[in-house]
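Counting from 1, one number per residue, gives the positions in the sequence shown under full-length UniProt numbering.
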Amino acid sequence: MLDDDTLALDLDDPRQAGVFFVTEDDLTALAALAQDAELLLCRLDLRDCDSHTELMARLQAALALPDPAPRWEALGDLLRDLGWLPAPGYVLLFSHAADLRDADETSFDTLLDLLDLACVDWQDRGIPFWAFLALPDSDFPSLDTLDLPPDP
(Lines of atoms letter the chains of each structure in order from A and count residues from 1; the text may use other names and numbers.)
(Lines give C-alpha, C1' and ligand atoms only; values in the text may rest on other atoms or scores of the structure.)
Protein backbone atom coordinates (compact mmCIF):
# COMPACT_ATOMS: atom_id res chain seq x y z
CA MET A 1 0.00 0.00 0.00
CA LEU A 2 2.92 2.36 0.60
CA ASP A 3 3.84 4.25 -2.53
CA ASP A 4 6.98 6.19 -3.46
CA ASP A 5 5.60 9.37 -1.85
CA THR A 6 5.01 7.57 1.42
CA LEU A 7 8.46 6.02 1.36
CA ALA A 8 9.81 9.57 1.09
CA LEU A 9 8.00 10.41 4.33
CA ASP A 10 10.28 12.37 6.64
CA LEU A 11 9.82 10.69 10.00
CA ASP A 12 12.14 13.30 11.54
CA ASP A 13 9.59 16.05 10.84
CA PRO A 14 7.14 16.38 13.74
CA ARG A 15 4.83 18.50 11.57
CA GLN A 16 4.15 15.43 9.41
CA ALA A 17 3.70 13.07 12.35
CA GLY A 18 0.34 11.65 13.26
CA VAL A 19 -1.78 8.54 13.55
CA PHE A 20 -2.19 6.59 10.32
CA PHE A 21 -3.85 3.42 9.09
CA VAL A 22 -1.65 1.22 6.92
CA THR A 23 -1.62 -2.38 5.73
CA GLU A 24 0.30 -5.17 7.45
CA ASP A 25 2.72 -5.21 4.51
CA ASP A 26 3.59 -1.55 5.14
CA LEU A 27 4.95 -2.15 8.63
CA THR A 28 8.30 -3.53 7.44
CA ALA A 29 9.03 -0.46 5.31
CA LEU A 30 7.94 1.84 8.13
CA ALA A 31 10.20 0.04 10.60
CA ALA A 32 13.13 0.54 8.22
CA LEU A 33 12.30 4.24 7.87
CA ALA A 34 12.13 4.60 11.65
CA GLN A 35 15.50 2.92 12.07
CA ASP A 36 17.03 5.09 9.33
CA ALA A 37 15.71 8.17 11.14
CA GLU A 38 17.13 6.82 14.43
CA LEU A 39 13.77 7.12 16.15
CA LEU A 40 12.68 4.79 18.92
CA LEU A 41 10.69 1.98 17.30
CA CYS A 42 8.07 0.11 19.33
CA ARG A 43 6.14 -2.79 17.85
CA LEU A 44 2.83 -3.89 19.32
CA ASP A 45 1.11 -7.01 18.06
CA LEU A 46 -2.63 -6.72 18.61
CA ARG A 47 -3.44 -10.16 17.20
CA ASP A 48 -6.30 -11.59 19.31
CA CYS A 49 -6.29 -8.48 21.52
CA ASP A 50 -9.91 -8.27 22.59
CA SER A 51 -10.14 -5.99 25.62
CA HIS A 52 -8.86 -2.93 27.44
CA THR A 53 -7.03 -5.21 29.90
CA GLU A 54 -5.24 -7.11 27.15
CA LEU A 55 -4.38 -3.89 25.31
CA MET A 56 -2.85 -2.40 28.46
CA ALA A 57 -0.77 -5.54 29.02
CA ARG A 58 0.59 -5.33 25.48
CA LEU A 59 1.30 -1.61 25.75
CA GLN A 60 3.07 -2.20 29.06
CA ALA A 61 5.26 -4.90 27.52
CA ALA A 62 6.13 -2.92 24.39
CA LEU A 63 6.71 0.45 26.04
CA ALA A 64 7.94 -0.74 29.46
CA LEU A 65 5.27 1.45 31.05
CA PRO A 66 6.10 2.34 34.66
CA ASP A 67 2.46 1.66 35.58
CA PRO A 68 1.72 -2.01 34.81
CA ALA A 69 -2.03 -1.52 34.28
CA PRO A 70 -2.84 2.14 33.71
CA ARG A 71 -6.33 3.49 33.30
CA TRP A 72 -7.06 5.45 30.14
CA GLU A 73 -6.25 8.83 31.66
CA ALA A 74 -2.93 7.57 33.00
CA LEU A 75 -2.10 6.00 29.63
CA GLY A 76 -2.70 9.35 27.96
CA ASP A 77 -0.30 10.99 30.40
CA LEU A 78 2.31 8.28 29.86
CA LEU A 79 2.12 8.55 26.06
CA ARG A 80 2.73 12.29 26.36
CA ASP A 81 5.71 11.78 28.66
CA LEU A 82 7.81 8.68 27.77
CA GLY A 83 10.58 10.07 29.99
CA TRP A 84 11.76 6.53 30.76
CA LEU A 85 12.34 6.04 26.99
CA PRO A 86 14.41 9.07 25.97
CA ALA A 87 14.64 9.37 22.20
CA PRO A 88 14.71 12.00 19.45
CA GLY A 89 11.29 10.74 18.34
CA TYR A 90 8.95 7.77 18.47
CA VAL A 91 7.35 5.36 16.00
CA LEU A 92 4.71 2.92 17.24
CA LEU A 93 3.74 0.11 14.88
CA PHE A 94 0.53 -1.73 15.75
CA SER A 95 0.09 -4.94 13.78
CA HIS A 96 -3.31 -6.65 13.54
CA ALA A 97 -5.11 -3.55 14.85
CA ALA A 98 -8.37 -4.78 13.35
CA ASP A 99 -8.50 -7.54 15.96
CA LEU A 100 -8.90 -4.96 18.72
CA ARG A 101 -11.22 -2.80 16.61
CA ASP A 102 -13.51 -5.73 15.87
CA ALA A 103 -13.52 -7.11 19.43
CA ASP A 104 -13.66 -3.87 21.45
CA GLU A 105 -14.47 -0.83 19.35
CA THR A 106 -14.59 1.45 22.39
CA SER A 107 -11.04 0.58 23.41
CA PHE A 108 -9.86 0.92 19.81
CA ASP A 109 -11.42 4.38 19.46
CA THR A 110 -10.07 5.50 22.84
CA LEU A 111 -6.59 4.32 21.87
CA LEU A 112 -6.80 6.33 18.64
CA ASP A 113 -7.87 9.43 20.58
CA LEU A 114 -5.00 9.07 23.07
CA LEU A 115 -2.45 8.49 20.32
CA ASP A 116 -3.71 11.56 18.47
CA LEU A 117 -3.52 13.72 21.61
CA ALA A 118 0.00 12.44 22.30
CA CYS A 119 1.04 13.24 18.75
CA VAL A 120 -0.17 16.83 19.05
CA ASP A 121 1.56 17.23 22.40
CA TRP A 122 4.87 15.92 21.02
CA GLN A 123 4.50 18.15 17.94
CA ASP A 124 4.22 21.18 20.22
CA ARG A 125 7.62 20.21 21.62
CA GLY A 126 9.14 19.66 18.17
CA ILE A 127 9.49 15.89 18.60
CA PRO A 128 8.05 13.42 16.07
CA PHE A 129 5.56 10.90 17.45
CA TRP A 130 4.07 8.51 14.92
CA ALA A 131 1.53 5.72 15.31
CA PHE A 132 0.79 3.35 12.45
CA LEU A 133 -2.07 0.89 12.89
CA ALA A 134 -2.21 -1.97 10.41
CA LEU A 135 -5.60 -2.95 9.06
CA PRO A 136 -6.51 -5.60 6.47
CA ASP A 137 -6.15 -4.72 2.80
CA SER A 138 -9.93 -5.05 2.50
CA ASP A 139 -10.35 -1.95 4.70
CA PHE A 140 -8.75 0.20 2.02
CA PRO A 141 -10.78 0.85 -1.13
CA SER A 142 -8.95 0.40 -4.39
CA LEU A 143 -9.11 3.08 -7.04
CA ASP A 144 -11.25 0.68 -9.06
CA THR A 145 -14.00 0.70 -6.41
CA LEU A 146 -14.05 4.44 -5.73
CA ASP A 147 -16.86 6.44 -7.29
CA LEU A 148 -14.70 9.15 -8.80
CA PRO A 149 -16.11 11.92 -10.97
CA PRO A 150 -15.16 11.72 -14.65
CA ASP A 151 -12.17 13.70 -15.85
CA PRO A 152 -13.15 17.05 -17.42
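No residue lacks a Cβ here, since even glycine has one placed at the ideal position from N, Cα and C.
Note that the structure is predicted; figures quoted are calculated from it, not measured.
What is the DSSP secondary structure of residue i, reduced to helix, strand or coil?
i: residue 43; result: strand
i: residue 10; result: coil
i: residue 1; result: At residue 1, the pLDDT of 48 sits below 50, so the modelled position is not reliable and the matter cannot be decided from this model.
i: residue 16; result: coil
Just to confirm the assignment, what range does the alpha helix (DSSP H) spanning residue i have?
i: residue 108; result: 105-124
i: residue 161; result: A query on residue 161 cannot be resolved here, the shown segment of the chain reaching from 1 to 152 and no further.
If you check the beta carbons only, do residue i and residue j fall under 9 Å apart?
i: residue 23; j: residue 137; result: yes
i: residue 41; j: residue 49; result: no
i: residue 80; j: residue 122; result: yes
i: residue 62; j: residue 43; result: yes
i: residue 139; j: residue 103; result: no
i: residue 10; j: residue 37; result: yes
i: residue 108; j: residue 132; result: no
i: residue 21; j: residue 134; result: yes
i: residue 128; j: residue 39; result: yes
Going by DSSP, what residue range makes up the beta strand (DSSP E) through residue i?
i: residue 21; result: 19-23
* To do: Take every Cβ of the segment 8-21, pair it with every Cβ of the segment 89-96, and state whether three or more of those distances are shorter than 8 Å.
  => yes
* **Complete runs of the alpha helix (DSSP H) confined to the segment 33-89 [at least 4 residues]** => 52-63 and 72-79
* Taking 8 Å as the threshold, find out whether the segment 71-84 comes into contact with the segment 111-119 through three or more Cβ pairs. => yes
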